[in-house]
Each structure stands twice: as C-alpha cells, then as structure tokens.
Amino acid sequence: MSGTRTDRIASANRNAAMTSSRVLVYFGAALLAQAIPGPAVILAITNGARHGLGRASWGLVGAIAADLLIVAALACGLGTLLASSQSAFNAIKWAGAAYICYLGARMLFPSSTAGRKPDGLEPSAAWPDIAHMSPRGLIRQSFVVGITNPKALLFFSAFLPHFVDAGQPLLRQYLWLAAAQAVARVLTLVSYGAAGARLKRHAGSGRAWVGPACGATLLCLGVLLALYRRGEH
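Per this note's numbering, the very first residue in the sequence shown carries number 1027; after that it's consecutive.
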C-alpha cells in the first residue's frame, strides 16, 4: 500500500514537472510570436502614442480577454472547425480585415471632432475622433482586433495542442497555458505601448505624422489580412 502511494506521488511529481516544462516552452514561443509586429502590436503603439502608457493599458484587458476566449474555444473544438470549414475561416478573416482597415482609415482621415478637448487632453490634428477613447472603448477595440485575427487563430489552433498531454487533466493544462499566454501578451503589448508613448514625447512638434503613419500601417495590414490564404506563412 505504501509503495503504491509513493508511486502515485512520484508520478504526480513527474507529470507536474513535465507540465511546467511545456508551459515554459510555450511561454517563450508565445513571447517570440507576439513580438512580431502585427495588428495588435501596431494598435498598442498607436494607443501608447495617443493616450500614454497608463490609459492605453486598458487595451490589455481586451487583448487578454480575446486570447482567453480563443484558448477556451480551442479546448471546445474551434481548431477542428477552422481546419474543416473554409467558410468559417473566411468569415473571421474578412471581419478582421474590415475592422483593421476601418481603424486605419479613421487614423488617416481625422474627423472634425479631433479639435475638441475632452477630459483636459490636448487636441491634436494628428489624431482622429477616437483620440479620446474611453477605457471601455480601448478594451472593445483591442478585443475585436484580437478575436478577428485569423492568423492568430490558426497559430493557436496549430501550435497550442502540441503542449497538451491527453493523458493528463486537460482543464488544468489549458489554464496554465492560458496564463502563460496572458503574461506573454502583457509583456509584449506593454513594451510596445511604452515605445509608442516615448515616440510621441520625442517627436515633439513633428508628431503630427505619427497618427497617419500608424493608420497607413493598419490599412496595409488589413489589406494583407484580406489577401491572406490558409497555409501561407
């Protein structure tokens, strides 16, 4: 009886060590993947430059919520749906491309409301009517960008399952992987948001180009996303 109990403890310790190793490897891979500039990164830079790091950090809530929802959906079989349904993939792709292009266009073509001065913030012709977005708006914006990015969905569905051991409790593994994903997202987006805030400070009187440049970049990313086809890397 004692030997059986000892074996169980040893087995549990080995499984915990293996899970920890997989989570650490996944964390490193997720950190590298998220550091590559994409819609979420450009949005973090833009919001950091527009609002400052503190206010722009509200976008983290939306980005992390999108990641956690994707992980939960994958645990429920979303990866299988995306792999088998071209229609589902295209619907997500076009929704994401349209929204990213929409954000880019609003940055490139500010409305007449850009000159207003709500909440004591400085008006700037460089920023559109979303320049003084509320925390709720920042959360919603980042969430939509995250949840409608098909390349991110494909990355999750193709990469994350390799770190899940079907012989161990699945819920615990997905929770650990989701936590690693959230930490990686925070580190990358905070870094890029801080870079955006520094960019605005150092640009000085020439910062009027920052908004249009970010808008043009988002427009290009939106077009590339619309042209993206499954299987491309």
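Every residue, glycine too, gets a C-beta built ideally from N, C-alpha and C. This structure is a prediction, so every number in the text was calculated from the model and none was measured.
Closest Cα partner of residue 1079 within the set 1251, 1220, 1165: Here residue 1079 refers to the residue found at position 53 when the sequence shown is read from its first residue. Of 1251, 1220, 1165, the residue nearest in Cα terms is 1220.
How would you call residue 1060, buried or exposed, if buried means at least 16 neighbouring beta carbons within 10 angstroms? Mapped onto the sequence shown, residue 1060 falls at position 34. Flag for residue 1060 reads buried.
If you measure between the beta carbons of residue 1119 and residue 1176, is that distance less than 8 Å? Along the sequence shown, one-based indexing puts residue 1119 at 93. Along the sequence shown, one-based indexing puts residue 1176 at 150. The beta carbons of residue 1119 and residue 1176 sit closer together than 8 Å.
Assuming contact is defined by CB atoms lying nearer than 8 Å, are residue 1223 and residue 1134 in contact in what I supplied? Taking the sequence shown and counting its residues from 1, the one referred to as residue 1223 is at position 197. Taking the sequence shown and counting its residues from 1, the one referred to as residue 1134 is at position 108. Result no, Cβ atoms of residue 1223 and residue 1134 do not sit closer than 8 Å.
Looking at the structure shown, is residue 1149 part of a helix, part of a strand, or coil, going by DSSP? Residue 1149 sits at position 123 when you count from the first residue of the sequence shown. Low local confidence applies: a pLDDT of 42 at residue 1149 is under 50, so the model's placement there is unreliable, with the coordinate-based value given in what follows. In the structure shown, the three-state DSSP call for residue 1149 is coil.
Would you mind listing the alpha helix (DSSP H) stretches within the segment 1058 to 1092 that are 4+ residues and don't spill past its ends, in chain order? Segments of the alpha helix (DSSP H) lying fully in the segment 1058 to 1092: 1065 to 1077, 1079 to 1082.
Can at least three beta-carbon pairs, one atom from the segment 1159 to 1172 and one from the segment 1073 to 1092, be found at a separation below 8 Å? Taking 8 Å as the limit for Cβ pairs, the verdict is that the segment 1073 to 1092 does touch the segment 1159 to 1172.
Burial state of residue 1141 (16 or more Cβ within 10 Å): For the purposes of this step, residue 1141 is taken as residue 115 along the sequence shown, with counting starting at 1. Residue placement at residue 1141 is poorly supported in this model, since its pLDDT is 45, which falls under 50; the coordinates still yield a value, given next. Classified as exposed, residue 1141 has fewer than 16 neighbouring CB atoms from the shown chains inside 10 Å of its CB.
Other residues of its chain near residue 1101: CB distance less than 6 Å, five sequence neighbours each side excluded: Sequence index remark: in the sequence shown, residue 1101 carries index 75 (1-based). Here residue 1101 has 1200 as same chain residues with Cβ atoms under 6 Å from its own Cβ, once five neighbours each way along the sequence are excluded.
Reference residue 1225; option with closest CA among 1071, 1167, 1046, 1115: The count along the sequence shown starts at 1 and reaches residue 1225 at position 199. Here the closest residue by C-alpha is 1071.
Quick check on the DSSP output: the alpha helix (DSSP H) that includes residue 1113 runs from which residue to which? Locating residue 1113 in the sequence shown gives position 87, counting from the first residue. Note, residue 1113: alpha helix (DSSP H), 1112 to 1134.
Give every residue of the same chain whose Cβ lies closer than 7 Å to the Cβ of residue 1203, excluding the five residues on either side of it in the sequence, and list them in chain order. Position 177 of the sequence shown, counted from the start, is the residue given in the question as residue 1203. 1049, 1052, 1097, 1186, 1189.
Output the distance between the C-alpha atoms of residue 1077 and residue 1227, rounded to the nearest integer angstrom. Along the sequence shown, read from residue 1 onward, the residue named residue 1077 stands at position 51. Along the sequence shown, read from residue 1 onward, the residue named residue 1227 stands at position 201. The C-alpha of residue 1227 is placed about 11 Å away from the C-alpha of residue 1077.
Note the first and the last residue of the continuous alpha helix (DSSP H) segment covering residue 1255. Here residue 1255 corresponds to residue number 229 of the sequence shown, with the count starting at 1. For residue 1255, there is no enclosing alpha helix (DSSP H), as DSSP marks it with neither H nor E.
Hey, residue 1088 and residue 1167 are a contact pair by Cβ (cut 8 Å); roughly how many whole angstroms apart? Here residue 1088 refers to the residue found at position 62 when the sequence shown is read from its first residue. Here residue 1167 refers to the residue found at position 141 when the sequence shown is read from its first residue. About 7 Å separates the two Cβ atoms, so the contact holds.
CB residue 1182 to CB residue 1092, shorter than 8 Å? In the sequence shown, the residue the question calls residue 1182 occupies position 156. In the sequence shown, the residue the question calls residue 1092 occupies position 66. No, Cβ-Cβ distance for residue 1182 and residue 1092 is not below 8 Å.
So, using beta-carbon positions, are residue 1173 and residue 1251 closer together than 8 Å? As a working note, residue 1173 is residue 147 in the sequence shown. As a working note, residue 1251 is residue 225 in the sequence shown. With a cutoff of 8 Å on beta-carbon distance, residue 1173 and residue 1251 are scored as not near each other.
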